[in-house]
Amino acid sequence: MVQKVLYSKQFTPESFAPYGTVVQPKDNGPMVIANAGTAKKYLGVSESENYYKKSSTPSSKATWNFFSTKPSVFPADEESPAFKISVLERHPYTTQTFIPLCRDAQESSYLVAVAPNSPDGLPDWERVEAFVAKGCQGVTYAAGVWHAPMVTIGKDTMLAAFNYENGVDNDDCQVQSAPSPLDVYVKRD
Numbered sequence: 354m355v356q357k358v359l360y361s362k363q364f365t366p367e368s369f370a371p372y373g374t375v376v377q378p379k380d381n382g383p384m385v386i387a388n389a390g391t392a393k394k395y396l397g398v399s400e401s402e403n404y405y406k407k408s409s410t411p412s413s414k415a416t417w418n419f420f421s422t423k424p425s426v427f428p429a430d431e432e433s434p435a436f437k438i439s440v441l442e443r444h445p446y447t448t449q450t451f452i453p454l455c456r457d458a459q460e461s462s463y464l465v466a467v468a469p470n471s472p473d474g475l476p477d478w479e480r481v482e483a484f485v486a487k488g489c490q491g492v493t494y495a496a497g498v499w500h501a502p503m504v505t506i507g508k509d510t511m512l513a514a515f516n517y518e519n520g521v522d523n524d525d526c527q528v529q530s531a532p533s534p535l536d537v538y539v540k541r542d
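Counting from 354, one number per residue, gives the positions in the sequence shown under our numbering.
What follows is the structure in structure tokens.
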């Protein structure tokens, strides 16, 4: 297998649509005034899906978690990979949403790496894509989408995460190792 090199892409609702949702206010999306006029409520920025009725144990619970991460990526130049993807995971019966809590809005904050399924249901390692999310952007991975574990850029980061779980390891999260690690390049801001 030839070593694959990935260059990160811009993280936009259109570029990420095959894999899930970019969680951010939409410029032309529905919005209402809330809280007695002190807030704008942006409607329907992302949906959570629960398909555990198709799993080995059909009951599940909605779960919020926090991920306190150390930086995994430091932006590099064109000659130095910023990160190596060695595994991908998926949650076959639920969406999974991450929202950064402590990053500047326009700062490159975390790496989103995803892959479609190959015909055998495993990650299609030849079609992995990488995106850089800003501090004002969350991500919702669609149910069953292969993605890298949370990879933060440059400094410690706290993220809130939401998904459904039923307590059965293979129902809640499936992990696959890469045939060989994939180098990801992240340009400096």
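Backbone N, C-alpha and C define an ideal beta-carbon position, used for all residues, glycine too.
Of all alpha-carbon atoms in Ala370, Gln363, Tyr360, the one lying nearest the alpha-carbon of alanine 496 is that of Ala370.
Bridge pairing for tryptophan 478: absent [DSSP].
Excluding sequence positions up to five before and after methionine 511, its CB lies within less than 8 Å of the CB of Phe419, Phe420, Ser421, Thr422, Pro453, Leu454, Cys455, all in the same chain and listed in chain order.
Boundaries around phenylalanine 420 are those of the beta strand (DSSP E), 414 to 422, since no alpha helix (DSSP H) includes it. Counting only residues of its own chain and dropping the five nearest sequence neighbours on each side, lysine 414 has a CB closer than 8 Å to the CB of Tyr517, Glu518, Asn519.
Rounded to the nearest angstrom, the Cβ distance from valine 537 to leucine 441 is 12 Å, too far for a contact under 8 Å.
From the listed residues Thr391, Thr416, Gly397, the smallest Cα separation to asparagine 403 is found for Thr416. Taking the C-beta atoms as reference points, glutamine 377 is found nearer than 8 Å to cysteine 489. With a minimum length of 4 residues, the unbroken runs of alpha helix (DSSP H) contained wholly in the segment 365 to 401 fall at 366 to 369.
Residue pairing for threonine 450: DSSP places it in a beta bridge opposite Thr493, Phe515. Straight-line measurement puts the Cα of alanine 387 at about 6 Å from the Cα of lysine 393.
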